[in-house]
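Read top to bottom, the protein sequences are chains A and B.
Position 90 of the first sequence, counted from 1, bears residue number 90 in this note's numbering, the numbering being contiguous throughout.
Residues are numbered in this note's numbering as their position in the second sequence, beginning at 1, plus a constant of 1000.
Beta carbons: idealized from backbone N, C-alpha and C, even for Gly.
Protein chains: 2
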Amino acid sequence: MINPKTEIFEQFAELARVLGQGNRLELLEHAAQGERSVERLAQLTGLSLANASQHLQVLRRAGFVRSRRDGKRILYQLGDGPVIELLGALRRYAEHSRAEVRGIVSDYFNRLDSLEPVSREALVKRLDDGSAMLLDVRPEDEFALGHLPGALNIPFADLERRLAELPTDTQIVAYCRGPYCVLSFEAVAALRAKGYDIKRLEDGFPEWKAAGLPTGPTIERQQLTSRR
Amino acid sequence: MINPKTEIFEQFAELARVLGQGNRLELLEHAAQGERSVERLAQLTGLSLANASQHLQVLRRAGFVRSRRDGKRILYQLGDGPVIELLGALRRYAEHSRAEVRGIVSDYFNRLDSLEPVSREALVKRLDDGSAMLLDVRPEDEFALGHLPGALNIPFADLERRLAELPTDTQIVAYCRGPYCVLSFEAVAALRAKGYDIKRLEDGFPEWKAAGLPTGPTIERQQLTSRR
DNA sequence: CAATCAGTCAAGTTATTGATTGAATGATAA
DNA sequence: TTATCATTCAATCAATAACTTGACTGATTG
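What follows is the structure, encoded as structure tokens:
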């Protein structure tokens, strides 16, 4: 090694390059929800199986995800380094300096939810004094792999049918996969249109978990995934 | 725009790609020290002029640096988004998950400085009660563009000649450009060998500044750079 | 033990990227 | 105004990356 400093920068750059691909970031977000098979991840992102597999291996080599075998399938989940923190820093930087990101966010998301989201701290306080209830609009399987404590799960697709389960006298705080997850934006828009008092949680499940906060009862993964 | 989420990930990825190149990260570190001309940055990194110029433009388009003209030269400095924070997150992730990084750090740096570095908080406390003095081992021009308050500047190259200026009864805390800047490691090793009680500051000047802490009297840039 | 299923690997194509060279700007100095 | 200096632009080439296709591997299931 001629120059250790150059060498270090090269290492950093290698990691950054792994994040330098939209499809990989998307895979990473899905893997951050809990364990997922390659096939599932390929579906979720719309990538071909081989392509998703290859991207996942790139992510794994960089430690962003880890994998284990369960029967004939291989399950990927987030690695155990400060991945969420790194992605958060990237997001915050992007929001600060890329007009495009701000533009997309405001053009698209803010059209759906013009009101400011609720922070984690504010949520905890409101839950403590009973002035709000938590709504998880992710699909059931993601919910089963872990969720915020006390959250009610109504997948976005089922919302219309299950309105009866929602309180009309308490504020609702909805969340899903992360700051850019479309589900919670749309849930808020849909329910607000029906007169509910509903807000969006600023973060999603992965951020909550990464912050070391308690997560709801997690079904044993072993059981969940080896059954079929 | 078909899918705003995909679009956002693509934006993030674009930024990550900009950081995905060792030379750019190195340029960025130098630009983080203060304003620098393209020629100077090219020298510092050993890149050809045109190449450095092109990399700097890539960095600028992503907002990591900004530039202004001063006479016939163009000066680059760090952009005003949370760049240092992002780089810090990248570094922390790398240290956590890349054996190579840990290896390089321990093989090379720790050979020079086996003792744990001093944190910002610890430094402030020691400076307050007078139990330590601050040593900035960067070149004079970098020091002039900004430094930690109360620091004594002895560029690494001059250390041997200016030993008389250093106290033998107080602990010395040395710092330079950042966590991986070689100067402070070598200064600590050199002075410790001579019997000085010296430690390394965990961070460097850019991190200090990014944390919003006060920096030493900055010479007016206008004056400094248009003179010649 | 064959058949099947989930994922990986290897090879090839096309598109991007990084570096070099030399010409073109744009500002100052003679 | 011309000459000079610092930087950028444009063209080029080699290296790398993303995606596809089809063959391969390893673990079940019949």
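Asked                                                                                                                                                                                    : Found
Which residues, taken in chain order from the segment 1057-1076 of chain B, show a beta carbon closer than 9 Å to some beta carbon of chain A?                                           : A1062, G1063, F1064
Between the Cα of G178(A) and the Cα atoms of E207(A), Q54(A), E121(A), which residue gives the shortest distance?                                                                       : E207(A)
Would the beta-carbon of A62(A) fall within 9 Å of that of E14(A)?                                                                                                                       : yes
With DSSP as the reference, label R36(A) as helix, strand or coil.                                                                                                                       : strand
Can you give me the C-alpha to C-alpha distance between R1040(B) and L1148(B), rounded to a whole angstrom?                                                                              : 23 Å
With C-beta atoms as the reference, is S1067(B) less than 9 Å away from L1056(B)?                                                                                                        : yes
Out of E1085(B), D1197(B), S1053(B), C1176(B), which one is the CA nearest neighbour of L1166(B)?                                                                                        : D1197(B)
Please work out which residues of its chain come closer than 6 Å, Cβ to Cβ, to A211(A), disregarding the five sequence neighbours upstream and downstream, and give them in chain order. : none
Count the other CB atoms within 10 Å of the CB of R1138(B); is the residue buried (16 or more) or exposed (fewer)?                                                                       : buried
Which residues mark the beginning and the end of the beta strand (DSSP E) in which L1075(B) is found?                                                                                    : 1073-1078
Out of curiosity, what's the CA-to-CA distance linking G81(A) and A1122(B)?                                                                                                              : 26 Å
With a Cβ-Cβ cutoff of 9 Å, do G1204(B) and G1150(B) count as a contact?                                                                                                                 : no
Does DSSP classify R68(A) as helix, strand or coil?                                                                                                                                      : strand
Spatial neighbours of P1214(B) within its chain, please: C-beta separation below 8 Å, excluding the five flanking residues on both sides.                                                : P1149
Check whether the Cβ of F1012(B) lies closer than 9 Å to any Cβ atom in chain A.                                                                                                         : yes
Taking all protein chains shown into account, decide if Q1223(B) is buried (16 or more other Cβ within 10 angstroms of its Cβ) or exposed.                                               : Reliability fails at Q1223(B), whose pLDDT of 35 lies under 50, so the model's placement of it is uncertain and no value is given.
Among all the DSSP beta bridges, which residues are the ones paired with V118(A)?                                                                                                        : L201(A)
Quick check on A1016(B) - is its C-beta less than 9 Å from some C-beta in chain A?                                                                                                       : yes
Determine the contact status of L152(A) and L134(A), defining contact as a CB-CB distance below 9 Å.                                                                                     : yes
Which stretch, first to last residue, makes up the beta strand (DSSP E) that contains A151(A)?                                                                                           : No beta strand (DSSP E) contains A151(A), which DSSP labels as neither H nor E.
Looking at V38(A) and A52(A), is the spacing between their C-beta atoms short of 9 Å?                                                                                                    : yes
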